[in-house]
Amino acid sequence: MVREFFKPNWKKIVLTILLLLITGFMAFKLMSVGLLNTLIPVVMVLGFPLVFSQMFGPIGLIVGLILEIFWLYLVSCILIKILTFLKNKLLLIRWDAKKFIVLCFILIIGFLVYGFFNFGWSDVLIATADDSGATVQGVNNIAKANNQFAIDLYSEINKDSDENIFFSPWSISTAVAMAYEGARGETANEIQSVFHFPTDDNSRRSSYAKMLNTLNKASGKYKLSTANAIWLQKDYPFLENYKDTISKYYLGEIKNLDFVNNPSGASSDINKWVSKNTNNKISNIVSPSMFNKMSRAVLTNAIYFKGKWEHQFDRDDTKPEDFTLQSGSKIKVPIMRLTDDELDFNYAEYDGVQILEMPYQGDKISMLVLLPRIDINDPMLQRRFEREGIEPQTSDMTQLESTLTEEKLQEWRNKLKPETVYIYMPKYTFETSYSLSDYLKSMGMNLPFTWPGADFSGMDGTNLLYIDKVLHKAYIDVYEEGTEAAAATVISMMAGAAMPHYVEFRADHPFIFIIQEKETGNILFMGRVNNPTQ
């Protein structure tokens with residue numbers, strides 16, 4: 336009977352091939368949104384080859400493929416047995432067996448696959464951080480703290496840069512939050528002051544966990560994933576309760592490397608992790624020269640977002656137009672156009688600034704664009720101001736940047752209301768790279784970088800650890816269909832030793848943009864476009 340059960344026939348072979356194709360597709364889908372490594376082990380049946388190849392290289396790929404085939408053949412045998420039984424019981428005599436099996440299989444698997452990626456059924460399979468105890472107020476406090484830090488850091492970078500700016504405050508603050516978990520005394524106070532972290536440990540941890548779970552929640556409308564890891568010198572005694580906290584609340588992967596004896600291998604492993612978790616948009620963020628015999632730990636965060644606009648631009652409407660730089664000179668750049676009387680966008684205008692919210696599909700993430708109004712001489716515009724009771728004001732990027740605060744940003748968000756808006760927006764793609772140590776020191780975080788003096792005894796039980804470097808790289812691509820953005824942060828630790836019926840939004844001069852989680856307003860990415868061609 337067992338031999339008959341496993342005996343090959345065309346039905347079992349066809350089903351095995353179909354299962355192999357579908358599970359392979361699902362595994363690639365999960366990997367593309369950065370979820371494969373966060374799934375509980377049972378889901379490995381979706382892609383033994385992918386999982387094993389990551390763990391063991393080319394040999395793992397072969398072994399994984401063999402295991403996958405054997406596993407799916409077993410599933411096919413079971414399905415054939417069940418479907419044959421049902422066919423006999425239901426007396427479907429007129430049904431050809433081949434048609435019956437293939438139809439049932441396609442309907443069932445198709446339904447499961449569609450639900451997995453569109454109805455959130457995969458949520459039960461995704462590892463989650465411990466957010467028990469999280470409250471709405473606690474989560475809002477984390478978002479507010481992150482937004483305050485975002486604007487503070489933007490102002491600091493802006494002091495010595497007239498170029499494009501782009502970074503992920505969420506990536507940076509999450510990486511530093513993991514270091515903050517091990518900080519004590521005045522070291523912790525300085526970090527808290529710069530990053531505005533809530534001081535209540537339970538509230539902060541559960542709220543961070545809730546935000547991570549929310550951001551990583553599967554969606555068929557957009558791709559958004561965050562990942563954390565802490566890389567430890569393999570023979571250095573870190574405290575178990577510190578590692579447990581990172582794993583429990585931040586979903587931090589704990590990995591052991593040999594920075595001291597194999598800096599090339601260590602940097603290669605970290606770069607591969609960052610590249611994988613940013614869909615290959617961020618690469619080579621660390622180098623072997625970063626590490627020496629005193630290297631003890633590296634904390635990393637990666638964030639990746641790719642979303643399509645809820646209302647997309649038509650590529651045929653994109654034309655070269657003038658873009659006015661801050662110097663007053665003009666350059667030609669591709670300007671996207673969206674001029675549809677049937678579309679409404681959240682819009683406001685205050686303090687000489689036009690504020691526009693552009694949603695992405697799924698209505699969970701949006702881009703907020705802050706555009707200084709540099710000209711109010713248009714008579715039609717003046718009549719609109721008069722009709723709507725808006726005081727005519729002009730502004731420029733310098734004024735906008737000098738007055739921008741977390742409170743002002745929240746005030747502008749609250750004043751947004753639906754309007755028909757004609758949008759003219761440049762396409763742009765650029766990358767940024769920052770060594771954040773000096774910026775953070777200027778903001779008041781000095782002691783964590785100092786030895787002797789820094790106190791990260793919550794990590795290892797000693798006062799030997801201090802922060803050596805904080806590195807950050809980011810990538811942004813804004814185009815007709817949507818936006819792709821990625822960022823990674825690395826913390827290296829050493830031991831020491833018109834009257835018309837529409838509003839015109841013409842972004843043909845420098846502007847600030849923010850990619851945010853809509854419910855809390857949490858800033859995931861923030862930047863400035865001074866020159867779309869840079």
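Numbering (this note's numbering), first residue to last: 336 to 869. Ideal Cβ placement from N, Cα and C applies to all residues, glycine included. Computed from a predicted structure; not experimentally measured.
For residue 755, the enclosing beta strand (DSSP E) begins and ends at 752-761. When the five nearest sequence neighbours on each side are left out, the beta carbons in the same chain lying within less than 8 Å of the beta carbon of residue 691 are those of 680, 681, 682, 703, 704, 706, 756, 758, 840, in order along the chain. Just measuring C-alpha positions, the residue of 776, 736, 573, 665 sitting nearest residue 589 is 573. Relative to the Cα of residue 740, the nearest Cα in the group 407, 479, 343 belongs to 479. Straight-line spacing of the CA atoms in residue 356 and residue 857 works out to 39 Å. Judged by their CB atoms, residue 801 and residue 783 are nearer to each other than the 9 Å cut-off. The distance from the Cβ of residue 635 to that of residue 564 is about 5 Å, consistent with a contact at the 8 Å cut-off. Per DSSP, the continuous beta strand (DSSP E) segment holding residue 861 begins and ends at 857-864.
DSSP places residue 494 outside both helix and strand once states are collapsed to three, so it counts as coil. Of the candidates 864, 541, 584, 584 places its Cα closest to the Cα of residue 562. Runs of the alpha helix (DSSP H) lying entirely within the region 687-713, each at least 4 residues long, are absent. An exposed status is given to residue 650, since fewer than 16 other beta-carbon atoms sit within 10 Å of its beta-carbon. Bridge partners of residue 807 according to DSSP: 769, 824. Comparing C-alpha distances from residue 685 to each of 749, 669, 655, 864 shows the shortest one belongs to 749. Between the alpha carbons of residue 401 and residue 747 lies a gap of roughly 58 Å.
Where residue 528 is concerned, the enclosing alpha helix (DSSP H) starts and stops at 520-530. A straight line joining the alpha-carbon of residue 464 with that of residue 745 spans about 28 Å. Following the DSSP letters along the chain, one finds residue 661 in no alpha helix (DSSP H), marked with neither H nor E. In the three-state reduction of the DSSP assignment, residue 469 falls in the coil class, being assigned neither a helical nor a strand state.
Here DSSP, grouped into helix, strand and coil, assigns residue 788 to coil.
Inter-segment contact for the region 598-613 and the region 658-672 is absent: fewer than three beta-carbon pairs are separated by less than 8 Å. Per DSSP, residue 551 is not a residue of any beta strand (DSSP E); the alpha helix (DSSP H) it occupies stretches across 536-551.
Per DSSP, residue 605 is one residue of the alpha helix (DSSP H) stretching across 598-612. Under DSSP, residue 560 takes part in a beta bridge, and its partners are 639. For residue 748, the uninterrupted alpha helix (DSSP H) segment begins and ends at 741-749. Contact annotation: residue 594 and residue 560 have beta-carbon atoms that are not nearer than 9 Å. Contact between the region 469-486 and the region 849-868 is present: three or more C-beta pairs spanning the two stretches fall below 8 Å. In this chain, the beta strand (DSSP E) harbouring residue 592 covers 587-592. Rounded to the nearest whole angstrom, the C-alpha separation of residue 541 and residue 417 is 45 Å. Taking a C-beta distance under 9 Å as the contact criterion, residue 468 and residue 538 qualify as a contact pair. Residue state for residue 489 is assigned as helix, using DSSP reduced to three classes.
Contact annotation: residue 767 and residue 813 have beta-carbon atoms that are not nearer than 9 Å. Under the three-pair Cβ rule at 8 Å, the region 815-827 does not count as touching the region 784-792. The beta-bridge partner set that DSSP reports for residue 817 consists of 643. Non-local beta-carbon contacts of residue 849 in its own chain, meaning distances under 6 Å to residues more than five positions away in sequence, involve 703, 858, 861 in chain order. With respect to the C-alpha of residue 675, the residue from 697, 646, 667 having the closest C-alpha is 646.
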